Amino acid sequence: MSDIHRDDVLKKFTATQMLGVHSSRAIKRQRLDRYAKRTLRNVENLLKFQRTGMASRRENFVECISNMGAHAINVLSTAEVPVAPPPSSPSEIEDQQVLALCAPQDDTKINLDNIAGNVFFDLFRMTRETFSYVLDEISPFMMADDEEVEVKVAVALWILGGSEAVYPPLLKVPEEQRIQYLLEFCRQVTKSLMPKEISLHDRLDSSMWNFQCKFGLRNCAGALNFTHIPIYLGDMKDDACEYLNNAGFRSIIMQAVVSSDYKFCDLSIGYPGRTPVDHVLYNSAVWRKAESGVLFPAEGEPGPNQGPHPYLIAGTCYPLSERIVTPFQAPKFSDMEKRFNNSIYNALSVTQRAFKLLRSRFPFLLDFDKVTVEDTPAVVAACCVLHNICESRREITRKSWENITKTKQHLILAQGQPALVHELSPEAVEFRELVKNSMIHSYDRRF
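Mapping of the sequence shown onto the numbering used here: position 12 corresponds to residue 12, and the numbering continues sequentially without gaps.
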């Protein structure tokens, strides 16, 4: 075979190879151009489904090139012509970069097992063990598979915790979807866990004993108080005046009974911020049960020997009754009445501490800018349930969390309410005297 003929064959063979390679690149670029118009998720799904077909076509292409090369070599002489591999071209580098962008990234998957303990605690405001407990309790009530439920719970707790700690996979969830996860989670917590975690009868004897040991109040079962929750009205501009409280911001009222260990025992959430707190009480289940004599189990007639029956304490903005005891009001106090008032006010501090812990754990309550006023009560109630779970499991709070609430002084200003002026029933006055006379004067004042 002449050298000229051999060169022609080699040129044709090389040209055939290059045409095949360029054709493959052109097809790949066209495919990637089409993929670029779709979302990243669609590209990933298509690549998964087409991986098998692409592998098969790749094998056929390689086999075709090999057959062509073998045929060309047979035409040539027995002399072997070494062919060096071509260097990477700019187009190949560009193709690799596009494929790298289309490939799934590690930080798009929410994998809670890879999060360190202290980071986990800052993200979700609870330990991994408490998170697992909440997840196990709520999973049967959420319509999703186990992995999706875990994601929903993680996103919801992250939002309630203020979203300050950054975890990239959580940021990948669209904001609208985050709010959907939050509302679904809070509704299920309120529906399924609230009856179990918030009860006026739970550990009643222990709570009364603690109130007696700490404040000298015999048979005190809980402290009644209220706080304001800021709201987002959205398009409800016509009702804005109803929600404007005496501190100058729009809110709803949360009435709560708090035990001696800072846990919520009863809740009434949703009245506009301008509503008088006694009106909130009169329309709550606590007042109806108190008036019916079924607020606490097995209530007997009070007497000097057995002491007063279980009762709640409250501030002067609430009415005095046989089940709700309030401090004595001016103008004059005896020494015994002053001591009694001090015990009442000191005991009411458990409510302020509970409200502070609640906001520290879930600073989302400080600024409802994404949740409508209709959905706010469910979110607040869910936070109270989670707070009780954390307190029962002796979860701590960081000082940095509590410092955030100090910047919200308007919440403290909104707590002020004038003393309620109402006609005192003789039975209520007599019962308060019984509570005052049954005080334990040698109680432990360290609190």
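Just so it is clear, CB atoms sit at the ideal spot from N, CA and C, and this is done for glycine as well.
None of the values given here were measured: they were computed from a predicted structure.
Since I believe L348 is in contact with G222 (beta carbons under 8 Å), could you give me their beta-carbon distance rounded to a whole number of angstroms?
-> Residue mapping note: residue 222 aligns to position 222 of the sequence shown, counting from 1. Residue mapping note: residue 348 aligns to position 348 of the sequence shown, counting from 1. With a Cβ gap of about 11 Å, G222 and L348 do not count as contacting.
Starting from T227, trace the beta strand (DSSP E) both ways and give me its first and last residue.
-> Here residue 227 corresponds to residue number 227 of the sequence shown, with the count starting at 1. Taken as a continuous stretch (DSSP letters only), the beta strand (DSSP E) holding T227 covers C220 to P230.
Using DSSP bridges, identify the partner residues of V257.
-> The sequence position of residue 257 within the sequence shown is 257, counting from 1. Looking at the DSSP assignment, V257 forms a beta bridge with L224 and D266.
Under a Cβ-count criterion, where at least 16 other Cβ atoms within 10 Å of its own Cβ denotes burial, should S259 be classed as buried or exposed?
-> Within the sequence shown, residue 259 is the residue found at index 259, counting from 1. Its Cβ being crowded by 16 or more others within 10 Å, S259 is buried.
T130 (DSSP reduced to helix, strand or coil) = Against the sequence shown, residue 130 aligns to sequence position 130. In this structure, T130 counts as helix in the three-state DSSP scheme.
Can you tell which of T16, Q30 and L160 has its C-alpha closest to the C-alpha of K370?
-> Within the sequence shown, numbered from 1, the residue matching residue 370 stands at position 370. Among T16, Q30 and L160, the Cα nearest to that of K370 is on L160.
Please name the residue in E374, A381, K436 and Q417 whose C-alpha comes closest to that of I198.
-> For the purposes of this step, residue 198 is identified with residue 198 of the sequence shown, where counting begins at 1. Considering only alpha carbons, the answer is A381.
Straight-line CA distance for M254 to R31?
-> One-based indexing of the sequence shown puts residue 254 at position 254. One-based indexing of the sequence shown puts residue 31 at position 31. Those two C-alpha atoms are separated by around 58 Å.
Determine the extent of the alpha helix (DSSP H) in which L204 is found, giving its start and end residues.
-> The sequence position of residue 204 within the sequence shown is 204, counting from 1. DSSP places L204 inside the alpha helix (DSSP H), whose first and last residues are L204 to F215.
Across which residues does DSSP place T372 in a beta bridge pair?
-> Counting from one through the sequence shown, the residue named residue 372 turns up at place 372. T372 is bridged to Y232.
Taking 8 Å as the cut-off, decide whether the C-beta atoms of P331 and N341 are in contact.
-> As a working note, residue 331 is residue 331 in the sequence shown. As a working note, residue 341 is residue 341 in the sequence shown. No.
Give the secondary structure of I179 by DSSP, where H, G and I count as helix, E and B as strand, and everything else as coil.
-> Residue 179 sits at position 179 when you count from the first residue of the sequence shown. DSSP, reduced to helix, strand and coil, places I179 within a helical segment of the structure shown.
Proximity below 8 Å, CB of L182 to CB of A154 = If you number the sequence shown from 1, residue 182 lands on position 182. If you number the sequence shown from 1, residue 154 lands on position 154. The Cβ atoms of L182 and A154 do not sit closer than 8 Å to each other.
Please look up how many angstroms separate the CB atoms of N245 and H228, rounded, as I've assumed it's under 8 Å.
-> Along the sequence shown, one-based indexing puts residue 245 at 245. Along the sequence shown, one-based indexing puts residue 228 at 228. At roughly 6 Å, the Cβ-Cβ gap stays under 8 Å, so N245 and H228 are in contact.
Any idea if P272 is buried or exposed, counting beta-carbon neighbours within 10 angstroms, 16 or more meaning buried?
-> On the sequence shown, residue 272 is found 272 positions in, with the first residue counted as 1. So P272 counts as buried.
Quick one: what does DSSP say I110 is sitting in, helix, strand or coil?
-> Numbered from its first residue, the sequence shown carries residue 110 at position 110. Of the three classes helix, strand and coil, the one that applies to I110 here is coil, per DSSP.
Please say whether F368 and I269 have beta carbons closer to each other than 8 Å?
-> One-based indexing of the sequence shown puts residue 269 at position 269. One-based indexing of the sequence shown puts residue 368 at position 368. Their beta carbons are not under 8 Å apart, which means I269 does not touch F368 by this criterion.
Do the CB positions of S321 and A285 come within less than 8 Å of each other?
-> Numbered from its first residue, the sequence shown carries residue 321 at position 321. Numbered from its first residue, the sequence shown carries residue 285 at position 285. Result no, Cβ atoms of S321 and A285 do not sit closer than 8 Å.
Per DSSP, L244 is paired with what?
-> Here the question's residue 244 lines up with position 244 in the sequence shown. Paired residue(s): R250.
Would you kindly report the start and end of the unbroken alpha helix (DSSP H) that includes L312?
-> To locate residue 312, count along the sequence shown from 1; it is residue 312. That residue, L312, is in no alpha helix (DSSP H); its beta strand (DSSP E) goes Y311 to I313.
Hey, how far is the Cα of S88 from the Cα of R29?
-> For the purposes of this step, residue 88 is taken as the residue at position 88 of the sequence shown. For the purposes of this step, residue 29 is taken as the residue at position 29 of the sequence shown. Because S88 carries a pLDDT of 49, less than 50, the predicted location of this residue cannot be relied on, and no value is offered for it.
Pull up the distance between the alpha-carbon of W401 and that of L420, whole angstroms please.
-> In the sequence shown, residue 401 corresponds to position 401, counting from 1. In the sequence shown, residue 420 corresponds to position 420, counting from 1. Cα to Cα, W401 sits roughly 35 Å from L420.
Spatial neighbours of Q188 in its chain, beta-carbon cut-off 8 Å, leaving aside the 5 residues before and after | Start at 1 with the first residue of the sequence shown, and residue 188 comes out as number 188. For Q188, where only same-chain residues beyond five positions count, the Cβ hits under 8 Å are I138, F141 and M142.
Touch test, the segment 386 to 393 against the segment 117 to 134, Cβ-Cβ under 8 Å, three pairs minimum | yes
Tell me whether the beta-carbon of I396 lies closer than 8 Å to the beta-carbon of S360.
-> In the sequence shown, counting from the first residue as 1, residue 396 sits at position 396. In the sequence shown, counting from the first residue as 1, residue 360 sits at position 360. No, the Cβ-Cβ distance between I396 and S360 is not below 8 Å.
Reducing DSSP to helix, strand and coil, say where G117 ends up.
-> On the sequence shown, position 117 is the one that residue 117 refers to. Looking at G117 - three-state DSSP - the assignment turns out to be helix.
Just confirm the distance between the C-beta atoms of M315 and N219, as a whole number of angstroms; I'd bet it's less than 8 Å.
-> To locate residue 315, count along the sequence shown from 1; it is residue 315. To locate residue 219, count along the sequence shown from 1; it is residue 219. Position check: residue 315 holds Gly in this sequence, whereas Met was assumed. With 8 Å as the limit, G315 and N219 do not qualify as a contact, their Cβ atoms being about 19 Å apart.
Under 8 Å between C-beta atoms of S438 and G307 | Locating residue 438 in the sequence shown gives position 438, counting from the first residue. Locating residue 307 in the sequence shown gives position 307, counting from the first residue. Yes, they are a contact pair.
Within this structure, are the beta carbons of Y318 and L281 separated by less than 8 Å?
-> Stepping through the sequence shown from its first residue, residue 318 is reached at position 318. Stepping through the sequence shown from its first residue, residue 281 is reached at position 281. Yes, Cβ-Cβ distance for Y318 and L281 is below 8 Å.
Closest by CA to Q417, which one among R178, H22, D278 and D8?
-> For the purposes of this step, residue 417 is taken as residue 417 along the sequence shown, with counting starting at 1. Comparing Cα-Cα distances from Q417 to each of R178, H22, D278 and D8, the minimum goes to D278.
State yes or no: is the C-beta of F364 within less than 8 Å of the C-beta of G234?
-> As a working mapping, residue 364 is identified with position 364 in the sequence shown. As a working mapping, residue 234 is identified with position 234 in the sequence shown. The Cβ atoms of F364 and G234 do not sit closer than 8 Å to each other.
Close Cβ partners of S343 (< 7 Å) along its chain, the five nearest in sequence each way excluded = Walking along the sequence shown from the start, residue 343 turns up at place 343. So the qualifying residues of the chain are F215, G216, L217 and M439.
Exposed or buried, Q212, counting other C-beta atoms within 10 Å across all chains shown (16 or more means buried)?
-> Residue 212 sits at position 212 when you count from the first residue of the sequence shown. Classification of Q212: buried, given that the 10 Å Cβ count is 16 or more.
Let me know the secondary structure DSSP gives V81 once reduced to three states.
-> The residue given as residue 81 occupies position 81 in the sequence shown. Any reading at V81 must be qualified, since the residue scores a pLDDT of 40, below 50, and its modelled position is unreliable; the value itself is stated next. V81 falls in the coil class under three-state DSSP.
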